[in-house]
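Going by the numbering used here, the residue at position 26 of the sequence shown is 28; the numbering climbs one at a time, nothing skipped.
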Amino acid sequence: MIELIIGLSIAAILMLVEYLLSVKLENPLWGGILPLILIIGTAYVFMNGILQPNSKTLFPFLLLISFILGDWGTGREKHIKNRKAELEKMKIKDIEY
3 MIELIIGLSI AAILMLVEYL LSVKLENPLW GGILPLILII GTAYVFMNGI
53 LQPNSKTLFP FLLLISFILG DWGTGREKHI KNRKAELEKM KIKDIEY
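What follows is the structure, given as structure tokens:
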């Protein structure tokens, strides 16, 4: 049970970091660093025999990677939306003056 709580806590922290990297930074590649590290780490764990690839061990890794990639996409969409809203505010201020 404690392993599950630790695993979920680590996953939540990784997802938060991924979301912040995707939303706050201009370059979309910064948000791609964490998914790339997770994919490489997953491949390393299974290729070196640290864990045997079966449905019980592979599913959590695939789930986390898919959530992280989803956060990357969501974060980039929010970044673009925020940037467009800021540009609209700037255009309105330019028109007013």
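The C-beta atom is built at its ideal place from N, Cα and C for all residues, glycine as well.
Here the structure is a predicted model, which means the values were calculated and not measured.
For V47, I'd like the list of residues in its chain whose CB is within less than 8 Å of its CB, leaving aside the five on either flank, ordered along the chain. Here the set comprises L53 and F63.
Can you tell which of M3, L23, I12 and I15 has the C-alpha that lies nearest to the C-alpha of W74?
-> It is L23.
| task | Check whether the Cβ atoms of I12 and L36 lie closer than 8 Å to each other. | result | No.
- In terms of residue numbering, what span does the alpha helix (DSSP H) encompassing L92 cover? First, the amino acid is wrong: residue 92 is Met here, not Leu. M92 -> alpha helix (DSSP H) spans S57 to E98.
Length of the line joining the Cα atoms of K95 and K86:
Between K95 and K86, the alpha-carbon positions lie close to 14 Å from each other.
- Task: Would you mind giving the Cβ-Cβ distance between T44 and I67, rounded to the nearest angstrom? I have them listed as a contact below 8 Å.
- Result: Yes, T44 and I67 are in contact; Cβ-Cβ is about 7 Å, under 8 Å.
**Asked** With 16 other CB atoms within 10 Å as the buried threshold, where does G77 fall?
**Response** Result: buried.
- Query: To the nearest angstrom, how far is it from the Cα of E5 to the Cα of M92?
  - Reply: In a straight line, the C-alpha of E5 is about 49 Å away from that of M92.
Three-way DSSP call (helix, strand, coil) for I52 in this model: In the three-state reduction of the DSSP assignment, I52 falls in the coil class.
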